[in-house]
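Engineer:
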Amino acid sequence: MQQRNIKTRKSSLSPPRKARGQSTRKPKKLVKKSKASDDKTVKTILTLIVVLAFIYLLKSPKVSPALKKELSAKEQLAKQIGGSIRANAMNRFKTMKNDIKGKIEQGKQKIDGISAPHLNPPVPYLPIFSKIPNSEALIQDVLNGKPTIAGITALLQKYLDDFHNDNMRLSENRASPADILDSFYTIAKRHLKPFDEAYRNKPIFPIREDDSIFLSLASYREHLLKDTLVYAFENAKHPEKLFIGAVVQNCFGKVLPDGTIDPSGKPCKTGMEVIGKNAQGRDMTKISDAPVDKNGIEDFCTDEKYKHFCENGQVRVVYVHETESLGPAMARYHASKLWGGETFFMQCDSHLQFAVEWDEKYRNEAKIAKSYPKVILSSYPPGFNPGNGNNVRETPGARLCFCETKVEDPNPIVRINTGRGYSGDEPLPTQIPFIAAGFFFARAEFLVDVPFDPYIPWCFMGEEIALSMRSWTHGWNIYAPRKNLIAHQYRPGRMGLPKFWETVTRLYGQPAMNSRLQGNVIKRIKYMTGYPDSRLEQIKQQKIEYVLQDIEFYGLGKERTRDEYMKFAGLVVDEPNAALDCKHIDWCNQGTMT
6 MQQRNIKTRK
16 SSLSPPRKAR
26 GQSTRKPKKL
36 VKKSKASDDK
46 TVKTILTLIV
56 VLAFIYLLKS
66 PKVSPALKKE
76 LSAKEQLAKQ
86 IGGSIRANAM
96 NRFKTMKNDI
106 KGKIEQGKQK
116 IDGISAPHLN
126 PPVPYLPIFS
136 KIPNSEALIQ
146 DVLNGKPTIA
156 GITALLQKYL
166 DDFHNDNMRL
176 SENRASPADI
186 LDSFYTIAKR
196 HLKPFDEAYR
206 NKPIFPIRED
216 DSIFLSLASY
226 REHLLKDTLV
236 YAFENAKHPE
246 KLFIGAVVQN
256 CFGKVLPDGT
266 IDPSGKPCKT
276 GMEVIGKNAQ
286 GRDMTKISDA
296 PVDKNGIEDF
306 CTDEKYKHFC
316 ENGQVRVVYV
326 HETESLGPAM
336 ARYHASKLWG
346 GETFFMQCDS
356 HLQFAVEWDE
366 KYRNEAKIAK
376 SYPKVILSSY
386 PPGFNPGNGN
396 NVRETPGARL
406 CFCETKVEDP
416 NPIVRINTGR
426 GYSGDEPLPT
436 QIPFIAAGFF
446 FARAEFLVDV
456 PFDPYIPWCF
466 MGEEIALSMR
476 SWTHGWNIYA
486 PRKNLIAHQY
496 RPGRMGLPKF
506 WETVTRLYGQ
516 PAMNSRLQGN
526 VIKRIKYMTG
536 YPDSRLEQIK
546 QQKIEYVLQD
556 IEFYGLGKER
566 TRDEYMKFAG
576 LVVDEPNAAL
586 DCKHIDWCNQ
596 GTMT
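In our numbering, the protein residues as written are 6 to 599.
1. Which runs of the alpha helix (DSSP H) spanning at least 4 residues fall entirely within the region 322-397, listed in chain order?
2. Which ranges does the beta strand (DSSP E) cover as unbroken runs of at least 3 residues, wholly within the region 247-296, from first to last along the chain?
3. Can you look up R425 in the DSSP assignment and give me helix, strand or coil?
4. Have a look at the DSSP bridge pairing and note the partners of D579.
5. Taking 7 Å as the limit between beta carbons, can you name the residues of its chain near E431, skipping five residues before and five after?
6. Do you know how far the Cα of G424 is from the Cα of M598?
7. Go through the region 157-213 residue by residue and report every complete run of the alpha helix (DSSP H) that reaches 4 residues or more, in order.
8. The beta strand (DSSP E) spanning H493 covers which residue range?
9. Just the C-alpha distance for E362 and D187, rounded to the nearest angstrom, thanks.
10. R448 lies in the beta strand (DSSP E); which residues open and close that run?
11. Here's the rule: buried if 16 or more other CB atoms are within 10 angstroms of the residue's CB, otherwise exposed. What is N300?
12. Are the CB atoms of G318 and P127 within a distance shorter than 8 Å?
13. Going by DSSP, what residues sit across from L220 in a beta bridge?
14. Could you have a look at E409 and say whether DSSP puts it in helix, strand or coil?
15. Count the other CB atoms within 10 Å of the CB of R195; is the residue buried (16 or more) or exposed (fewer)?
16. Measure the alpha-carbon distance for I437 versus L222 and round it to whole angstroms.
17. Could you give the C-beta distance for F445 and Q358, rounded to a whole number, given that I count them as a contact under 8 Å?
18. Does the count of Cβ pairs from the region 308-328 and the region 407-416 closer than 8 Å reach three?
19. Work out the CA separation of P401 and V252 for me, nearest whole Å.
20. CB R475 to CB P378, shorter than 8 Å?
21. Just how far apart, CA to CA, sit Q114 and R213?
22. Beta carbon of G467, beta carbon of I527: below 8 Å?
23. Label K342 either buried or exposed according to how many other C-beta atoms from any shown protein chain fall within 10 Å of its C-beta, with 16 as the threshold for buried.
24. Would you identify the three-state DSSP class for A517, choosing helix, strand or coil?
25. Helix, strand or coil for P401 per DSSP?
26. Less than 8 Å between the C-beta atoms of L512 and S176, yes or no?
Below you can see the structure in the form of structure tokens.
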């Protein structure tokens, strides 16, 4: 219904540039004719006239046999001359065609990396922790404005190696939260700050206008990663336009002093498993030894059916030891840096199923929204439905219209909730005030306007309200897609799957260490979103100003104000409880804003 609008609408975000493959030669040079060329054209025409005359005379009954014989000989000579001229003309045409093709290819290569930055040079996806050849030079190229996916991967590897080494030292000395935070911020400023500074307010790579999609996957000890990749590629209408950026945080085994990994499994553990009830009817739990985690990238990339996607550079990966798992917000920062110029950016969890042609349908849904191109699609997808097998049945989408604050949490902050769903016959997607970190879809300019924050480690709750407020104040409107095109595996505690905060407790050997670390870091988000207990003077009194590192670059935008967002989202400051209170917003549930 809206196809014409979709095709003709132009993005105001990307500056005009040369069409892909456009030659830089002046048109007049390509069509200019020489005198010799004109003479040969005349000869060709005359030859054809002579041949036609000979054929007419040969077929005429009044022509004598002697004349026919003479004419036949001349016909053969004329054909030879004409054939030679035609052959020369074809050769000249082929030469010109190849020359133009070569110029086009040269033009592609001159556009900084647009032809496939992830392939120059190729990045090893296996074995795990493979070092990038010539890594230091590639890192310097990245910092000097000559980016490659290989150089970016090498930079992230170097940062994670430094953090791993310092983490091991801290874990052996029962470090305090202040020592651990100081280590993190020092290493992040050393490696990540200059990287982000080099590409502030501009994309790392030119954005390709080919409808390609970059899928950001943050995976923590994930047993469904291969399945997620299979569903994504199998069900995409254009799998050749799908590119993955995966951050694989696994227990690969014990890291030995020389940096090699003992794959025996030690010290891998399960999550908290519920094993029964005690006499009082409460859950009894335990944590057990476990084998090394499955590497979904290895399982996918060694499968004969799918390995060509990896060989083509469509699967980019950064491996992270379980001990350096810093929570979903940091993992998503790392994954976002594996983007290579794709048109669209999509972030989701690593335990999903996808509907048929999900890629095309999300693209069209974004383009049909009234605010396109500054549109973000987001929702909480429904859970796996065993009755559907491995298929996702398209159902009406739901809007993110509610929020709440659980004051009993150790570090209470706004949580997002789902509101009323679509009826199924709406002509357009409607606006909502919140983004779900587990799924959103936008044009890649989003990464320029709302870059991921490298200074929020160990945070779980809080990233969604920060992302929502930052995006909206930067001028991006958030929409609920009208159809659910993905399904999510929701994970109750009884499944016994590992959680990153359990790793933090084991690593540092101190109970509730993750909550203690998060209690400081979350002040950054609370400061940004306007919590009354996290104003600048209070942060200074607590002597934790470091949590506001570079906040001006990862904070709110200037298109709209925080107060405007608070009114839009139904948020009010609750001074007595030092919280944000969530009010009912009718416009969102009723779907009145398109």
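No residue lacks a Cβ here, since even glycine has one placed at the ideal position from N, Cα and C.
Structural biologist: Taking the structure as given:
1. Runs found: 333-341, 363-373.
2. Taking only runs of at least 3 residues, the beta strand (DSSP E) segments lying wholly in the region 247-296 are 247-255, 278-282, 288-291.
3. Coil.
4. Beta-bridge pairing links D579 to A584.
5. Cβ neighbours of E431 beyond the five flanking positions: R487, G596.
6. Taking C-alpha positions only, M598 is separated from G424 by approximately 15 Å.
7. You should have 182-203.
8. Per DSSP, the continuous beta strand (DSSP E) segment holding H493 begins and ends at 491-493.
9. Cα-Cα distance, rounded: 46 Å.
10. Taken as a continuous stretch (DSSP letters only), the beta strand (DSSP E) holding R448 covers 444-448.
11. N300 is buried by the Cβ-count criterion.
12. With contacts defined as CB atoms closer than 8 Å, P127 and G318 qualify as a contacting pair.
13. DSSP lists I249, M351 as partners of L220.
14. DSSP places E409 in strand when its eight states are reduced to three.
15. R195 comes out exposed.
16. The alpha-carbon of I437 is positioned some 24 Å away from that of L222.
17. With 8 Å as the limit, F445 and Q358 do not qualify as a contact, their Cβ atoms being about 18 Å apart.
18. Fewer than three pairs of CB atoms, one per stretch, sit closer than 8 Å, so the region 308-328 makes no contact with the region 407-416.
19. Rounded to the nearest whole angstrom, the CA to CA distance from V252 to P401 is 31 Å.
20. Not a contact, by the Cβ cut-off of 8 Å.
21. Its pLDDT being 38, under 50, Q114 is placed unreliably in this model, and the value from its coordinates should be taken loosely. Looking at the two C-alpha atoms, the distance is approximately 14 Å.
22. Yes, the pair counts as a contact, with Cβ atoms nearer than the cut-off.
23. Flag for K342 reads buried.
24. DSSP places A517 in coil when its eight states are reduced to three.
25. For P401, the secondary structure class from DSSP, reduced to helix, strand or coil, is strand.
26. Cβ distance < 8 Å, so L512 and S176 count as in contact.
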